[in-house]
Structures are given as C-alpha cells and as structure tokens.
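S.K.: Okay, so the first sequence: first residue is 1232 according to this note's numbering, each after it adds one. Can you read through this structure? Questions will come right after.
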Amino acid sequence: MCALVACNDDVDLNRMILEAATQIPDGMVSTYGDIAKALGDVRASRAVGTVLAKNPRPFVVPCHRVVYGDGRTGWYDGQGNGADRKMDLLRSEGLKIVDGRVEDFDRVRFNAFETPSILKDLAEEQERLRALVVEKDDFSNLEFVAGLDVAYDGVIGYANIIKMRLRDLKVVEELDFSAEVKFPYIPSYLGYRELPLLRHLIHGDEGTVYLIDGQGRLHPRGFGIACQVGVCLNVPTIGAAKSLLIGDVEGDGHRAPIHLSGQLIGYQLHPEGRTRTYVSVGNRISLETATSICDGLMINGVPEPLRLAHIRCEEFAKKARGG
DNA sequence: GCGACAG
DNA sequence: ATCTTGTCGC
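This is the structure we're talking about:
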C-alpha cells in the first residue's frame, strides 16, 4: 500500500529572508544574491528582493542594508522610490556612498549569515522524491478530471478546484480554499509555494486525475509542482504549463515532442492560432495518456478545467477583497 | 554582450 | 502571479 509522502510544505521562507537581513550589522551591507546564497540558491535573489521590498518592519529589519551585487544602493521602497532615503540611512550608519555606490564595498560587505541552507535542502528533497514518481497509468475507471489554480492578493493565496466529468465535460464539483502564502515565487520551487494551498482541495477521489497549472517532470530536477502534488498526496496528476521552464521542443506542431537530456519528457500542444500548452507527467500516469487527456480538453485553447479554475479563483480573490 | 527560468 | 490605459481584433 502506497502511503502519502511527507515533504517540507510549511517552510516560511519570507520569514527566513527577513531574519537573514536582520543579521547585517550597522555599518555594513550585503547583497540580494548573498542572502539567496546563504539560503541555498543564488537563483532566489530576485525573490529576496521582492520580499525585502515588502518589508513589514522597516528599521527592525534593516532592508536598507541590502544592495546590488555591484555595490549600487538601488531603491528603498520597492516601487522605484526612496533612493536618496536609502543612501542617507547608510551614510548615517557610517558608510560612504559615491555616485550611488557603496565605497570600500568589499570591506563593508557582510556575508557571515547564520541560516539554514533551506533551498539546498528543498532541492535535495526534490531529487529524492523524484524517484517516487510513477510514470505509468495507475488508476481504474478514469471518469473525472479536476483542474487547480491559484490567484494572489497581497499575502493571501486563493485556490480553486473544478472537477469535470470526462465524458461530457460537465462540472460536478467546485471548491475554494484560501490562506496566507509564506513562500515567494522562485522558479523550480513552485510546489513549496502552492502545495500548502492545493492540498486542502485534493481528497484523492477514485477515478479522478488532477490537472496542475505548472510543470511535472519537465523540470530541472524532474520534479515540478505536478509531481510534488502527485507524490505527496498520492494521486494521479498531470502538469500543464503555459510556458517552458526547461527542455527542447521538436518543431512547433499540434503535438510536438519535448526532450530533456535526450529523453522524451513532455509534449507541446499547440492548437491552431492559440497559445501553447506544455504537458508532462505529474504522477501515476503515462505521458501518452496525460497528453491525450489534455488534448481532449483544449476546447477553448487551454485545458478547460484549468481555464475555469483560473476564472473562479480570480473571482474568489476579488470577492474576498470586497469588490 | 550573454543569458534570462513554471506561477 | 500582479501592476494597469488605451488599443487591436474577432
């Protein structure tokens, strides 16, 4: 009997980024990339900037001490404003700023962060769980497809699931769930941002395959969000994304193969005159079945359950805001 | 100038 | 993903 597989889906990376920034002492600076590296992946540097730009506690969290990699001080409020304010604050802490750059950058650059290398841990977890992905049809009496999507309003994520009967595409179930999201968007770590929401909408109904808005095996570590949802909740899943994260498309046909390090990992679906959809295995399904199912759902240019879930979670977010 | 990466 | 005026096209 295959049980659910645990993964770190409750990481508060926003908090960890702010906590790292508080470690920069008065009179020193660091960079967005330095913090990202300390957290385990330099590719999170944009996310570090995004989170610090929305710093809820200025001064308590000295985000003004975080500058660009070349020593330019940059903006203060994340809206393209406050460059002078940031330079004044740094000067008041004893730093020299010339032409918008920190003087003696190397000498005042703090890099002794004490923080878990969390992103490295998560990437290793993805590599480990990837071995648990089942790439063959593992379900009986497939009767329903459920599409999931998430919309955002500030720190809150609004998730929705639309379940349809495959036979006639009739919507048979719909569910909402919202909660605070504590993990920023970082390419290749999307599952850690959205699984905490999606898990409340998935109950492993018999005869149901789940369509996830994002990649499955078409991922740098072969473990995109569709795999993570599938393995961690032990359900059949398909990854269907609107753009490519990795992989090479062969031609631009209606159903073009996508290769990753020489292996056939996905298909591009490209209906005439419409946008492309990139399909790959999430879990407990074969690539051929996953692709055929998606193909049959492209009645409005994108897989219909995802289109409806997208509309619904945006309405959900708007309504919750009071609009 | 090169590379640029799901939502 | 979200921020957003006017503009283009079915």
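Positions of the beta carbon are idealized from the N, C-alpha and C atoms, including for glycine. Every value quoted in this text rests on a predicted model; they were computed, and no experiment measured them.
Return the CA-CA distance between GLU1519 and GLU1366, expressed in angstroms with no decimal places.
M.R.: Indexing the first sequence from 1 puts residue 1519 at position 288. Indexing the first sequence from 1 puts residue 1366 at position 135. Each residue's Cα considered, the two are about 10 Å apart.
S.K.: Excluding the 5 residues flanking VAL1339 on each side, which residues of the same chain have their C-beta closer than 8 Å to its C-beta?
M.R.: In the first sequence, the residue the question calls residue 1339 occupies position 108. Only GLY1258, MET1259, VAL1260, LEU1326, VAL1333 meet the Cβ criterion.
S.K.: Quick check: what's the CA-CA separation for GLY1302 versus ASP1352?
M.R.: Taking the first residue of the first sequence as 1, we reach residue 1302 at position 71. Taking the first residue of the first sequence as 1, we reach residue 1352 at position 121. Each residue's alpha carbon lies about 29 Å from the other.
S.K.: Please name the residue in MET1318, ASN1245, SER1492, VAL1236 whose C-alpha comes closest to that of ASN1286.
M.R.: Walking along the first sequence from the start, residue 1286 turns up at place 55. Among MET1318, ASN1245, SER1492, VAL1236, the Cα nearest to that of ASN1286 is on ASN1245.
S.K.: Which one or two residues does DSSP pair with HIS1388 in a beta bridge?
M.R.: Here the question's residue 1388 lines up with position 157 in the first sequence. In the sequence as displayed, the identity of residue 1388 is Gly instead of His. DSSP output for GLY1388 lists TYR1383, ALA1410 as bridge partner(s).
S.K.: Let me check understanding here. Comparing Cα to Cα, which of VAL1279, PRO1451, HIS1450, ALA1471 lies closest to VAL1440?
M.R.: For the purposes of this step, residue 1440 is identified with residue 209 of the first sequence, where counting begins at 1. The shortest C-alpha separation from VAL1440 is found at ALA1471.
S.K.: Are GLU1374 and GLY1438 close, meaning C-beta to C-beta below 8 Å?
M.R.: Mapped onto the first sequence, residue 1374 falls at position 143. Mapped onto the first sequence, residue 1438 falls at position 207. Yes, these two residues count as a Cβ contact at 8 Å.
S.K.: With DSSP as the reference, label HIS1490 as helix, strand or coil.
M.R.: Locating residue 1490 in the first sequence gives position 259, where the first residue counts as 1. The answer is strand: DSSP assigns HIS1490 an E or B state.
S.K.: Please classify TYR1423: does DSSP put it in a helix, a strand, or coil?
M.R.: Translated into the one-based positions of the first sequence, residue 1423 becomes position 192. Helix, per DSSP.
S.K.: Confirm, please, whether the CB-CB distance from LEU1421 to ILE1456 is below 8 Å.
M.R.: On the first sequence, position 225 is the one that residue 1456 refers to. On the first sequence, position 190 is the one that residue 1421 refers to. Yes, they are a contact pair.
S.K.: Hey, quick one: how far does the alpha helix (DSSP H) through ILE1524 stretch, first residue to last?
M.R.: Counting from one through the first sequence, the residue named residue 1524 turns up at place 293. Counting along the chain, the alpha helix (DSSP H) containing ILE1524 begins and ends at 1518 to 1526.
S.K.: Using the three-state DSSP reduction, which class does ILE1496 fall into: helix, strand or coil?
M.R.: Taking the first residue of the first sequence as position 1, residue 1496 is located at position 265. If DSSP states are grouped into helix, strand and coil, ILE1496 belongs with the strands.
S.K.: Could you give the distance in angstroms between the alpha-carbon of GLU1503 and the alpha-carbon of HIS1485?
M.R.: Within the first sequence, residue 1503 is the residue found at index 272, counting from 1. Within the first sequence, residue 1485 is the residue found at index 254, counting from 1. C-alpha separation (whole angstroms): 8 Å.
S.K.: Go through its chain and collect everything with a Cβ distance to MET1232's Cβ below 8 Å, but skip five positions before and after it.
M.R.: Your numbering for residue 1232 matches position 1 in the first sequence. Caution is warranted here: a pLDDT of 48 is assigned to MET1232, below 50, making its placement in the model unreliable, and the coordinate value is therefore given only provisionally. For MET1232, where only same-chain residues beyond five positions count, there are no Cβ hits under 8 Å.
S.K.: Do VAL1462 and VAL1364 count as a contact pair if the criterion is CB distance below 8 Å?
M.R.: Here residue 1364 corresponds to residue number 133 of the first sequence, with the count starting at 1. Here residue 1462 corresponds to residue number 231 of the first sequence, with the count starting at 1. Closer than 8 Å, so yes.
S.K.: Which term fits GLU1425, buried or exposed, when burial requires 16 or more other beta carbons within 10 angstroms of its beta carbon?
M.R.: Here residue 1425 refers to the residue found at position 194 of the first sequence. So GLU1425 counts as buried.
S.K.: With H, G and I counted as helix, E and B as strand and the rest as coil, what does DSSP make of GLU1545?
M.R.: In the first sequence, residue 1545 corresponds to position 314, counting from 1. If DSSP states are grouped into helix, strand and coil, GLU1545 belongs with the helices.
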